[in-house]
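Peer 1: Chains as they are written, first to last, in numbering that gives the first Met the number 0: chain A, 0 to 345; chain B, 0 to 318.
All C-beta atoms in this analysis are idealised placements derived from N, C-alpha and C, irrespective of residue type, glycine included.
Mind having a look at this structure? Questions to follow.
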Amino acid sequence: MRPRATATAAIAAFALIVAACAGGGTTGGDTDVGGGSIAISGSSTVEPISALVAEAFKSQNPDIGISVEGPGTGDGFAKFCNGETDISDASRPIKDAEIATCEANGIEFIELHIATDGLSILTSKQNDRISCLSKTDLYALTGPESIGMATWSDADELVSDVAATVDTAAFGPPHAPYPDAPLVITGPGEESGTYDTYVELVLEPIADARGQEAATRPDYTASANDNVIIEGIAGSDSSLGWVGYAFFLANEDKVEAIAVDAGNGCVEPTPDTIASFEYPLSRPLFIYVNAQRAAENPAVAAFVDYYLSDGGLQAVVDAGYVALDDYTEARTRWADRTTGSSDARP
Amino acid sequence: MTTADGHPASRPDADIVDALRGRGLGVGALVFEGALLVALLSALSILLVLLADVVSGALPTFRTRGIGFVLSGLSLSPDTAGVLTGIAGSVTIAAIVVALAFPVGVAAALYLEEYAEEGWGTTLVDTTVRNLAGVPSIVYGLLGLAVFVPLVDRIGLGGVSHGRNVIAAGITMAVLVLPIVIITSAEAIRAVPQTIREAGFGVGATRWEVIRHHVLPSALPGILTGTVLTLARALGETAPLLVIGVATGYFAPPANVGVLERLTGPYTALPVIVFSWSRQTRPEFLETLAPAAIVVLLGVLFTLNGAAVWLRNRHDRRW
Chain A
0 MRPRATATAA IAAFALIVAA CAGGGTTGGD TDVGGGSIAI SGSSTVEPIS ALVAEAFKSQ
60 NPDIGISVEG PGTGDGFAKF CNGETDISDA SRPIKDAEIA TCEANGIEFI ELHIATDGLS
120 ILTSKQNDRI SCLSKTDLYA LTGPESIGMA TWSDADELVS DVAATVDTAA FGPPHAPYPD
180 APLVITGPGE ESGTYDTYVE LVLEPIADAR GQEAATRPDY TASANDNVII EGIAGSDSSL
240 GWVGYAFFLA NEDKVEAIAV DAGNGCVEPT PDTIASFEYP LSRPLFIYVN AQRAAENPAV
300 AAFVDYYLSD GGLQAVVDAG YVALDDYTEA RTRWADRTTG SSDARP
Chain B
0 MTTADGHPAS RPDADIVDAL RGRGLGVGAL VFEGALLVAL LSALSILLVL LADVVSGALP
60 TFRTRGIGFV LSGLSLSPDT AGVLTGIAGS VTIAAIVVAL AFPVGVAAAL YLEEYAEEGW
120 GTTLVDTTVR NLAGVPSIVY GLLGLAVFVP LVDRIGLGGV SHGRNVIAAG ITMAVLVLPI
180 VIITSAEAIR AVPQTIREAG FGVGATRWEV IRHHVLPSAL PGILTGTVLT LARALGETAP
240 LLVIGVATGY FAPPANVGVL ERLTGPYTAL PVIVFSWSRQ TRPEFLETLA PAAIVVLLGV
300 LFTLNGAAVW LRNRHDRRW
């Protein structure tokens, strides 16, 4: 009988421990049901900024529940326009199709430009043969017509063809001939706003001019994890890839930024060139606030107030992005609760 | 190999004697033994390299943060980030798994072993359960997303997360480990000698009394061991949680909410914390904090496995 009694006691003790842990251990978890909660989703690029703001805001307002996630700009807008989130982070302006979804669900949004990012074109530290690429080069190396090219020099012919058919004053001159070295490309996948930005800023104008689909070549290593992209770029001597500026900044010892030429000479990504949009791959970062929630939920309004304060915006620099010189426009839009997309891209 | 008169030939005889004494091994035998040893050592060394890598990455975190790392919640700052939220989520999932998979699994195993008539029906069920145990966990994640998340939301436990909460996660994990609980429990029950049952019936006990007082207590150590091991599996799984909407970013609950609100809100688990830290911008997260979280997770798993071994050794019966 004794072993049975001990075994039963063991189960009981185990169940008790588990129950105790389950009850007491949730100190750090979960969110409340009522009005005092804020749900943020969207771009993984903007997520660090919003999360830093959320953490600071939470420490001042312990009664408010906050969750921040970063599945990607597109996924974020899908949730936002379905009313599942209060604020959507975005690394590109909202698309017309997404605006239509929001309208169909009766959701109005306030678009706030909170920071600037420089899409950084990277290669490995060992690569000293490439220091500057134009948009023309990038199209020939990573665009839809480069499928199957395994070495840089494979693109020599294509780039001269592209240079002959498009306006190199707008996209920069080719830097061919390229080295005869393996072309190993690592970048974000299609779900990412960083991918969309790359296509839009680099590939789309040239692809349109050449009658091609605006997309990257499909045969490159895509990852949703920016650190994996950095490892991929650092892991090959003649690599090529692109990430947001913050990930380049955090890994400057592992990877090298390639200057980008869009007809006005080679420009390195630095806080100054990105902020002034002199760097051709600068892009604005936004938060989109659900206007109705901002009016009804004091927690959301207080959170955005804090976001746009000097203390809140410190998170932009802390997260590795470039702050705007002047936040008057965003603050005015917020103060007036101006809804809709401004379309006025810097 | 035998001579005409039936006696063994002398050559093979000598070979056998030599082999038994360990002398005169052929080159082939030596190479084979060496290959086996190399296989063992390479498997072990891969494991050791992995452990050494993780532990050396984790050491700075434990040196500077100490127990504070285990006791702090999610944070974007490497100096204050901790795994407590993940431990809370993992333990809650484990509790739900124990509460659901254990009774259902043991009951199913008892029925299969003690009540069901042998036949094509039981063979079919047995084969299905074994196949289910081998189904990739991501498939259970999809099942959870399609069935349990809406179900939890429908029965009013959805909360602000619309069913993407720890309750749905616990149910999904319980279903994930259920086949393994059934298999290990059935094996433990089958290992109870038939003579014990016959002795019970011999003194006039009913089937229920025999099971209640003899079969189940005798099989309990084996059942417990199997259950604890399946718990370890449930704690280590990441893929199904990612599918059913575990929070991969920062979240914090309001200060004063009830248990129900906490259970129905966003949650995370230890392996998910490792996953999300590996995506952070700040290099400290990938280089020192994620390894430290792995060490905590391994610590929890080793403790559970240790408990399984202890239970088996303490209660094992030999007949």
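Does the beta carbon of T280 of chain B come closer than 8 Å to any beta carbon on chain A?
Peer 2: It does: the Cβ of T280 of chain B has a partner Cβ on chain A nearer than 8 Å.
Peer 1: In whole angstroms, what is the alpha-carbon distance linking R206 of chain B and V191 of chain B?
Peer 2: Cα to Cα, R206 of chain B sits roughly 15 Å from V191 of chain B.
Peer 1: Which residue comes first and which comes last in the alpha helix (DSSP H) that contains A268 of chain B?
Peer 2: Taken as a continuous stretch (DSSP letters only), A268 of chain B belongs to no alpha helix (DSSP H), as it is neither H nor E.
Peer 1: Can you tell me which of B:G56, B:G140, B:L35, B:T126 puts its alpha carbon nearest to the alpha carbon of A167 of chain B?
Peer 2: Of the candidates B:G56, B:G140, B:L35, B:T126, the one whose C-alpha sits nearest the C-alpha of A167 of chain B is B:G140.
Peer 1: Taking just the CA atoms, how far does G157 of chain B sit from A38 of chain B?
Peer 2: Their backbone Cα atoms lie some 50 Å apart in a straight line.
Peer 1: Counting Cβ pairs closer than 8 Å, one from the segment 97-106 of chain B and one from the segment 161-176 of chain B, do we hit at least three?
Peer 2: Judged by Cβ distances under 8 Å, the segment 97-106 of chain B makes contact with the segment 161-176 of chain B, as three or more pairs qualify.
Peer 1: Under 7 Å Cβ-Cβ, which residues of chain B neighbour L121 of chain A?
Peer 2: The contacting residues do not exist; L121 of chain A stays about 15 Å from chain B at best.
Peer 1: Which residues mark the beginning and the end of the beta strand (DSSP E) in which E144 of chain A is found?
Peer 2: Note, E144 of chain A: premise wrong, no beta strand (DSSP E); not H, not E.
Peer 1: Run the CB neighbour count on T164 of chain A, radius 10 Å, all protein chains shown included, and call it buried at 16 or more, exposed below.
Peer 2: T164 of chain A should be labelled exposed.
Peer 1: Could you tell me whether the Cβ of Y344 of chain B comes closer than 8 Å to any Cβ of chain A?
Peer 2: The requested residue 344 of chain B is not part of the displayed model; chain B covers only 0 to 318.
Peer 1: Is there contact here, the segment 255-273 of chain B with the segment 51-70 of chain B, by at least three beta-carbon pairs under 8 Å?
Peer 2: They do not touch, by the three-pair rule.
Peer 1: Check for me: the alpha helix (DSSP H) holding E32 of chain B runs from which residue to which?
Peer 2: Here the alpha helix (DSSP H) through E32 of chain B covers 26-64.
Peer 1: So the beta strand (DSSP E) T121 of chain B belongs to, where does it begin and stop?
Peer 2: Premise fails: T121 of chain B lies in the alpha helix (DSSP H), 119-132, not in any beta strand (DSSP E).
Peer 1: In terms of residues, what are the limits of the alpha helix (DSSP H) holding H174 of chain A?
Peer 2: Unbroken run through H174 of chain A: none, as it is neither H nor E.
Peer 1: Does the pairing of the segment 197-208 of chain A with the segment 127-141 of chain A give three or more beta-carbon distances under 8 Å?
Peer 2: They touch, by the three-pair rule.
Peer 1: For a cutoff of 8 Å on Cβ pairs, would you count D225 of chain A as touching chain B?
Peer 2: Cβ-Cβ to chain B under 8 Å: yes for D225 of chain A.
Peer 1: So, at 8 Å on beta carbons, what are the nonlocal neighbours of S235 of chain A in its own chain, with the 5 sequence-adjacent residues on each side left out?
Peer 2: The residues are S123, P181, V183.
Peer 1: Quick one: using the 10 Å Cβ neighbour count with 16 as the cut-off for buried, is P220 of chain B buried or exposed?
Peer 2: The residue is buried, with at least 16 neighbouring Cβ atoms inside 10 Å.
Peer 1: Determine whether the Cβ of D62 of chain A lies closer than 8 Å to any Cβ atom of chain B.
Peer 2: So, interface residue.
Peer 1: Would you mind telling me which residues of chain A sit closer than 7 Å to L75 of chain B, beta carbon to beta carbon, in chain order?
Peer 2: Within chain A, the residues near L75 of chain B are P47, A50, L51, E54.
Peer 1: Specify, as a first and last residue, the run of the beta strand (DSSP E) that L132 of chain A falls within.
Peer 2: It spans 131-133 - the beta strand (DSSP E) in which L132 of chain A sits, taken as one unbroken run.
Peer 1: Taking L310 of chain B as the reference, which of B:G65, B:A292, B:V227, B:G162 has the closest Cα?
Peer 2: Out of B:G65, B:A292, B:V227, B:G162, B:V227 has the C-alpha closest to the C-alpha of L310 of chain B.
Peer 1: Residues of chain A with CB under 9 Å from L285 of chain B, in chain order?
Peer 2: What L285 of chain B touches in chain A: N226.
Peer 1: Would you kindly work out how many angstroms separate the C-alpha atoms of T30 of chain A and G72 of chain B, rounded to a whole number?
Peer 2: Bear in mind that the predicted position of T30 of chain A carries a pLDDT of just 35, short of 50, making it unreliable; the figure below should be weighed with that in mind. Their Cα atoms are separated by approximately 14 Å.
Peer 1: State buried or exposed for F31 of chain B, treating a residue as buried only when at least 16 other CB atoms are found within 10 Å of its CB.
Peer 2: F31 of chain B should be labelled exposed.
Peer 1: Can you give the Cα-Cα distance for R332 of chain A and E68 of chain A, rounded to whole angstroms?
Peer 2: Whole-angstrom Cα-Cα distance: 25 Å.
Peer 1: Whose C-beta lies closer than 6 Å to the C-beta of L144 of chain B among residues of the same chain, with five residues either side of it excluded?
Peer 2: Correct list, in chain order: V242, I243.
Peer 1: By the criterion of Cβ-Cβ separation under 7 Å, what are the contact partners of P149 of chain B in chain A?
Peer 2: Residues of chain A passing the Cβ test: none, with the nearest at roughly 14 Å.
Peer 1: Please give the ranges of any alpha helix (DSSP H) in the segment 145-221 of chain A, keeping only runs that are unbroken, at least 4 residues long and fully inside the region.
Peer 2: 155-164, 167-170, 192-197, 203-208, all fully within the segment 145-221 of chain A.
Peer 1: List the residues of chain A whose Cβ lies closer than 7 Å to the Cβ of A254 of chain B, in chain order.
Peer 2: Ordered by position in chain A, the residues that pass the 7 Å Cβ test against A254 of chain B are P61, D62.
Peer 1: Would you grab the beta carbon distance between H112 of chain A and E328 of chain A for me? Rounded to a whole angstrom, and I think it's under 8 Å.
Peer 2: Indeed, because the Cβ distance is near 7 Å, the residues count as touching under 8 Å.
Peer 1: Grab the span of the alpha helix (DSSP H) containing T122 of chain A for me, first residue to last.
Peer 2: Not the alpha helix (DSSP H): T122 of chain A falls in the beta strand (DSSP E), residues 119-123.
Peer 1: Am I right that A93 of chain B and A233 of chain B are in contact with their C-beta atoms under 8 Å? What's the rounded C-beta distance?
Peer 2: Confirmed, Cβ separation roughly 6 Å.
Peer 1: With P283 of chain A as the anchor, note down where its beta strand (DSSP E) starts and where it stops.
Peer 2: Taken as a continuous stretch (DSSP letters only), the beta strand (DSSP E) holding P283 of chain A covers 281-289.
Peer 1: Helix, strand or coil, according to DSSP, for V17 of chain A in the structure here?
Peer 2: The predicted model places V17 of chain A with a pLDDT of 40, which falls under 50 and marks its position as unreliable, so this point remains unresolved.
Peer 1: Have a look at D153 of chain A and Q291 of chain A and give me their C-alpha separation to the nearest angstrom.
Peer 2: Between D153 of chain A and Q291 of chain A, the C-alpha separation is close to 54 Å.
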